[in-house]
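The next block holds one structure in the form of structure tokens; read it before the comments.
Number of protein chains: 2
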Amino acid sequence: MNTDITISDIQSAAERIKGIAHRTPVFTSHTFDALAGTNVFFKCENFQRGGAFKIRGAANFVYSIPKDELSRGVVSYSSGNHAQAVAIAAASVGIPATIVMPADAPKSKLDATRGYGAKVVTYDRMLGNRETIGRKIAEETGATLVPPYDHPWIIAGQGTAALELLEEVPDLDTLIVCIGGGGLISGCALAAKALRPGIRVFGVEPADANDTYLSLRSGSRVEIPMPLTIADGLRSTKPGELTFSIIQKNVSDTVLVSDREIRETTRFLLTRMKMLVEPSGAVPATALFHHKLPAGLGKTGAIVSGGNVDLEFFQTIWD
Amino acid sequence: MNTDITISDIQSAAERIKGIAHRTPVFTSHTFDALAGTNVFFKCENFQRGGAFKIRGAANFVYSIPKDELSRGVVSYSSGNHAQAVAIAAASVGIPATIVMPADAPKSKLDATRGYGAKVVTYDRMLGNRETIGRKIAEETGATLVPPYDHPWIIAGQGTAALELLEEVPDLDTLIVCIGGGGLISGCALAAKALRPGIRVFGVEPADANDTYLSLRSGSRVEIPMPLTIADGLRSTKPGELTFSIIQKNVSDTVLVSDREIRETTRFLLTRMKMLVEPSGAVPATALFHHKLPAGLGKTGAIVSGGNVDLEFFQTIWD
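Just so you know, the sequences run in chain order V and P.
Sequential numbering from 2 applies to the first sequence in the working numbering.
Sequential numbering from 2 applies to the second sequence in the working numbering.
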């Protein structure tokens, strides 16, 4: 497989996903700017279809599958936003989707995934391995496995978020993106560097989900224990192979934020900017709000990656 | 004073407030449409400068004051969003603003109003009358009184919300707006009827703040006891004189919603559409969500008037 991803791949992805993915709005706030000490343009993927950026990569992947394979359906494993995105994309072209999810996943997430028309296969988080189960279903049914991040089609799809942001604000000096498996930052960094070579891209991770932070410093992919951060979308233990090589070449540095800082920022985004952002989605804003990044950022883009929160989360952000 | 308000007054207002008021986004939701049974386009004034549509009327008013009078400043009375809007508009042209607010108003609102550079004069809600105090300050200082709704400049300013919505979605069949004093619905109805004569405009009020509902049925302005609804921005006791005459001519009907229904809708807007809407702002969406309006609405616009809520409110919406 050719793993080179060019700006034209990202532009093709943008064409491909038109109609299924929303063009999300870009928000600004005088008060946030004053507190962060720089001008920030938020690309609001919390308002995206399915509540997160994931539909961009999932739809680009599903729509790129050759026709004869596509009819056999898709299979994916995820406890979060990726599962719902694959279900939505599969439903849009009328093919079956099977999603492997932990049996103890929140009922709301299981219901939502079924609501989009997907078949949900549950497994015991302590006994089974979702990736193995997913591969087995793919082999048995001939369905195509849709990986969550480490694939050129996924990465090109996620890059369309930065493509749209730079169409709207072409003179950005800096772009800030959260890092889980690295699909979003890889795609966004490739798009941003192609459209504006001088732009600096920074990654942000929760303090205990610092696999990319450590990997960048050691020069190779480091594996960490399962993180416990409230930013559940960023609980990755090891960067992807492809995503890490893109991050190494295109990302200036990675900084870390604490769960307390994430909660504070989420509260600001909700009460002042009136938008609901999930903890993972608030991580780039947190780095700006708490001055974790070098001075002189200039005009700064920040990707707000999603807005899917559990009800319990509302209680915790006021503490 | 000429109280005729034309589309050209509203278009001039739009020019006048460019730069101080945001052009707010228009949101849609497949899930909301399915539940409401019609296609809805939300004009999101909760993302407006100051968190509500009020800046439109306040800025249009302040910028319409003749220059020699303007330098003597402005005075206004409000416990809510109008006060902050007047403070922002006054600060933008460097003139003094005095806001009369109840001494027991939430500290966050008093602080926010002072934060915008306004002088806050407090009064005892049981003993004083804010309108009388406001008029006295205006007489003593020569400042211009900025009324909250019953004035052509205010109404023309508020109408710019519908003007923008119809620029974006020109083929609306129906427009839904909340009613407090009636400034927003008056301006929006005038704009909508001028741009699209066949459009139907409906007003929505909380069940116990039904002053306009009763007035329309009796044919003249009815006064009701102070309402207790959670939709604090709509606790009016009597429609304005000018606003009521505009509503009589341009609004098809008014429907009522309960506080429980408002809370349910607010929860949906927050958890599914990821936006924080204050109870008053959720009232048009509530009428759609709970099927209070006649069938056959067609393509429907709904004004989401604001997003300023107290922290306590978050607790109540889960009940």
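Note that the Cβ used here is the ideal one computed from N, Cα and C, for glycine as well.
The structure presented is a predicted model; accordingly, all values stated were derived computationally and were not measured.
In summary, the residues of the region 264-287 of chain P whose CB is separated from some CB of chain V by less than 7 Å are L271, K275, M276 and L277, in the order they occur in the chain.
Across the region 87-111 of chain P, no CB contact with chain V closer than 8 Å is found for any residue.
At least one beta carbon of chain V lies nearer than 8 Å to the beta carbon of N47(P).
Following the DSSP letters along the chain, one finds D254(P) inside the beta strand (DSSP E) bounded by residues D254 to V258.
Bounds of any beta strand (DSSP E) do not take in K19(V), whose DSSP letter is neither H nor E. A37(V) and F203(V) do not touch by the CB rule: their CB atoms are close to 13 Å apart, not below 8 Å. By a beta-carbon distance limit of 8 Å, A288(V) does not contact I200(V). Their separation comes to about 16 Å. Neighbours of F28(V) in chain P, taken as residues whose beta carbon is under 8 Å from its own, are F48 in chain order. In the displayed model, G302(V) falls within a strand according to three-state DSSP. Cβ neighbours of G135(V) within its own chain (closer than 7 Å, five residues either side excluded): V76, S77, Y78, V101 and L146. In this chain, the alpha helix (DSSP H) harbouring I186(V) covers G184 to L196.
Of V256(P), S281(P) and K293(P), the smallest CA-CA separation from N82(P) is found for S281(P).
In the same chain as T114(P), and ignoring 5 residues on each side of it, the C-beta atoms closer than 6 Å to its own belong to A84, Q85, A88, I100 and V121, in chain order. Separation of F314(V) and L277(V) (C-alpha to C-alpha, rounded to the nearest whole angstrom) is 11 Å.
Taking C-alpha positions only, V170(V) is separated from L196(P) by approximately 31 Å. Straight-line measurement puts the Cα of R268(V) at about 20 Å from the Cα of N40(V). In this structure, G188(P) is the residue among F62(P), A283(P) and G188(P) with its C-alpha nearest to the C-alpha of I248(P). For H23(V), the CB contacts under 8 Å within the same chain, skipping 5 residues up- and downstream, are F48, Q49 and R50 in chain order.
Straight through space, the alpha carbons of Q12(V) and E168(V) are spaced by roughly 12 Å. In the DSSP assignment, A98(V) forms a beta bridge with V75(V).
With the criterion set as a beta carbon lying under 7 Å from some beta carbon of chain V, the members of the region 45-74 of chain P are N47, F48 and G52, in sequence order.
For the 8 Å CB-CB criterion, C179(V) and P295(V) do not form a contact. Judged by DSSP in its simplified three-state form, K120(V) adopts strand. Within chain V, no residue has its beta carbon less than 7 Å from that of G302(P); the closest one is some 17 Å off. Its chain contains F203 as the residues whose beta carbon lies nearer than 7 Å to that of D254(V), once the 5 sequence neighbours on both sides are disregarded; these appear in chain order. Taking a Cβ-Cβ threshold of 7 Å, the residues of chain P close to G308(V) are K275, in chain order. The three-state secondary structure of G135(P), taken from DSSP, is helix. Closest option to V223(V), judged by alpha-carbon separation, among R57(V), F28(V), A162(V) and N211(V): N211(V). Going by DSSP, I56(V) is part of the alpha helix (DSSP H) stretching over K55 to S65.
Three or more Cβ pairs drawn from the region 151-166 of chain P and the region 60-69 of chain P lie within less than 8 Å of each other, which places the two stretches in contact. It is roughly 7 Å from the alpha-carbon of A193(P) to the alpha-carbon of L164(P). Proximity of chain V to F42(P) at the Cβ level (cut-off 8 Å) is not reached, the minimal Cβ distance being about 13 Å. Scanning its chain for C-beta atoms nearer than 6 Å, with the 5 sequence neighbours on each side dropped, one finds around I66(P) the residues T145, in chain order. Here the C-alpha atom of K110(P) lies approximately 36 Å from the C-alpha atom of D174(V). Where R218(P) is concerned, the enclosing alpha helix (DSSP H) starts and stops at D212 to S219.
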